[in-house]
Ligand code: PLP
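And the structure:
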């Protein structure tokens, strides 16, 4: 018999990709679906990049495993304006997506992973694939952000050590997927202090760093430069998920880390596709039109995310106002009793109920490390025609409820579905929806 390696109990497709496949299948069957489940930037690619890709399509050569020098140099120059990094203190490594570089970073550093809950779906499965343990760290969420108490962090480290684990790395992510919240500078400083004291590597996932609604780029590397490896990429602020372009900024202070990641790269993915490496250089040259594109997209995410959060709050669902990225993370705890009467007890049951009754796709809190009874879910605000939305905004249309009704009508449909789900009365408050399509019942 051929035996398989099962890395975790329910080894299956990553939940975000699984949600997307469900949507594609149901839409192909002609169902009306409100897709709040997938964090995919909906906007069109900036034309400097499509042009660059066409120009370099003929480049079929392998490039260095950590990226061609010219690209690594423009990236270093770009990030040295934002972070306190320079070629003396840091290396730049590019990879086909930051997901792989997060995996390589986890692989390169011995020990178990400290993971704040909630956290993005892939950190824990990656840790399990590497045979390491995941040590959960509690967080608190509110309108001021995503809070990790330094005492709780220290306690999690101490408890884990007492139990024989070796917590040697932590992944922080802000603006955060799934919550849309960020971590303030004083709190990053306090977390950094604990990590430095305990000699823990901070893997700082800053993939949404340029989608911070207040325009401030925060990084824990400022407070722990020798202990922080930053990962980021172009999937989010440049809407380039499918191009697979991610990167790490690696501290030279950790001897051998860059060469170990280089070795992992050379034995696995070899290099980021050559045409992509040349095309994406345009994203790092501070072209005014590229910067404006990022800002426009960010303003749209900010409006749509806040619109959803406020809509949910109007009907009594707990939801912090987002500060970045393109997510909100409501908690249905105030409706626990009412939902129980509908047979809904866990976040997974809630998500299934919403899909079956209203054709609404979301991701349950369990995908982000929550216990099943915690009634949270992640919603993204990307279910719209991004080309139409961006064009309308750039043509001067104001971001308001009419804008949502005209260009992102599924958001209003989603809010109506939530209102129906919790039997809320004040549904008419959801913008000025001109014509409301009733979502088809999904019998899958
Ligand atoms: N980190 C977070 C928090 C994400 O949300 C994602 C994508 O959804 C990634 C990392 C991976 O992005 P990519 O591999 O496209 O760079």
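Numbering (my numbering), first residue to last: 1418 to 1861. Glycine residues also receive a C-beta, built at the ideal position from the N, C-alpha and C atoms.
Take the alpha-carbon of residue 1777 and the one of residue 1452: they are about 6 Å apart.
In the three-state reduction of the DSSP assignment, residue 1682 falls in the helix class, which pools H, G and I. Every residue with a CB closer than 6 Å to a heavy atom of the ligand PLP is listed here in chain order: 1456, 1514, 1515, 1516, 1537, 1590, 1594, 1622, 1624, 1650, 1652, 1658, 1663. Within the model, the alpha-carbon separation for residue 1652 versus residue 1572 is close to 35 Å.
Contact check for residue 1689 against residue 1655 fails: the beta carbons are separated by 8 Å or more. Annotation for residue 1670: 1643 place their beta carbon closer than 7 Å to its own, counting only its chain and skipping 5 residues before and after.
Around the beta carbon of residue 1769, fewer than 16 other beta carbons sit within 10 angstroms, so the residue counts as exposed. Within the same chain, and ignoring the five residues on either side of residue 1640 in sequence, the residues whose Cβ sits closer than 7 Å to its Cβ are 1605, 1606, 1609. Residue 1616: not part of any beta strand (DSSP E); DSSP gives it neither H nor E.
Scanning its chain for C-beta atoms nearer than 7 Å, with the 5 sequence neighbours on each side dropped, one finds around residue 1496 the residues 1502, 1666, in chain order.
Annotation for residue 1765: 1781, 1783, 1789 place their beta carbon closer than 8 Å to its own, counting only its chain and skipping 5 residues before and after. Per the DSSP secondary-structure output, residue 1553 pairs in a beta bridge with 1532.
Three or more beta-carbon pairs separated by less than 8 Å link the stretch 1455 to 1472 to the stretch 1436 to 1446, which places the two stretches in contact. When only Cα atoms are considered, residue 1592 and residue 1621 end up about 11 Å apart. When beta bridges are read from the DSSP output, residue 1795 appears opposite 1780.
DSSP lists 1590, 1648 as the beta-bridge partner residues of residue 1622. Residue 1804 has its alpha-carbon roughly 32 Å from the corresponding atom of residue 1490. Contact check for residue 1742 and residue 1726: beta-carbon distance about 13 Å, past the 8 Å limit, so the pair fails to qualify.
Here the C-alpha atom of residue 1826 lies approximately 11 Å from the C-alpha atom of residue 1798.
By the neighbour-count definition (other C-beta atoms within 10 Å, threshold 16), residue 1757 is an exposed residue.
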